[in-house]
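Peer 1:
In this note's numbering, the protein residues as written are 992 to 1165.
This is the structure in structure tokens:
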């Protein structure tokens, strides 16, 4: 069992390192130069124009949404770090520990929260860019597996909780 958990831990670290490097690369490739003009946007904006319809506000909103998308991708990577914690507990042979139950709930929460927030941000981004947004297409393209996985981790947490209770009852009767 130790060999399997060691292999899983190595795979988890490879996934974490590669996804983190991809996120860092995406952040580096993002053109932050286009937003230098926002340093003095309050001086250049037309005071008679409605702020929400001004070009500066639309570009500023675009910048905030892209930054939020980077944040949520980092949050998803954070969720994957809980797999390492679960594997550590398994190596200690604490299969049905409260820590594992909490980690499964956290992973499920991260997956579902990430999916909902990214869908909302992509909707806002499409509104700002004037593009069409098809909810079911977006859900199908990128997030088909994250919500079921999140629900599966919640289910695993409940199964482990029940198994922990049964194990404790079994230990008491022996």
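Quick reminder that beta carbons are idealized off the backbone N, C-alpha and C, glycines included.
Model, not experiment: these values are computed from the prediction.
#1: In whole angstroms, what separates the C-alpha of residue 1121 from that of residue 1061?
#2: Let me know if residue 1146 comes out buried or exposed under the rule of 16 or more other beta-carbons within 10 Å of its beta-carbon.
#3: May I ask you to report which of helix, strand or coil DSSP gives residue 1083?
#4: Between which two residues does the alpha helix (DSSP H) holding residue 1154 run?
#5: Kindly list the residues whose CB is nearer than 6 Å to the CB of residue 1053, restricted to its own chain and excluding five residues on each side of it in sequence; keep chain order.
#6: Counting Cβ pairs closer than 8 Å, one from the segment 1089 to 1108 and one from the segment 1147 to 1156, do we hit at least three?
#7: With a threshold of 8 Å, are at least 3 pairs of Cβ atoms found where one atom belongs to the segment 1078 to 1094 and the other to the segment 1009 to 1023?
#8: Within 10 angstroms of its Cβ, does residue 1109 collect 16 or more other Cβ (buried), or is it exposed?
Peer 2: According to the data block:
#1: For this step, residue 1121 is matched to residue 130 along the chain shown. For this step, residue 1061 is matched to residue 70 along the chain shown. C-alpha separation (whole angstroms): 21 Å.
#2: The sequence position of residue 1146 within the chain shown is 155, counting from 1. The Cβ neighbour count for residue 1146, taken over all protein chains shown within 10 Å, is under 16; the residue is labelled exposed.
#3: Along the chain shown, read from residue 1 onward, the residue named residue 1083 stands at position 92. Judged by DSSP in its simplified three-state form, residue 1083 adopts coil rather than helix or strand.
#4: Stepping through the chain shown from its first residue, residue 1154 is reached at position 163. For residue 1154, the enclosing alpha helix (DSSP H) starts and ends at 1137 to 1164.
#5: Taking the chain shown and counting its residues from 1, one reaches residue 1053 at position 62. Hits under 6 Å: 1119.
#6: A contact exists between the segment 1089 to 1108 and the segment 1147 to 1156.
#7: Segments in contact, no.
#8: The count along the chain shown starts at 1 and reaches residue 1109 at position 118. With 16 or more neighbouring CB atoms inside 10 Å of its own CB, residue 1109 falls in the buried class.
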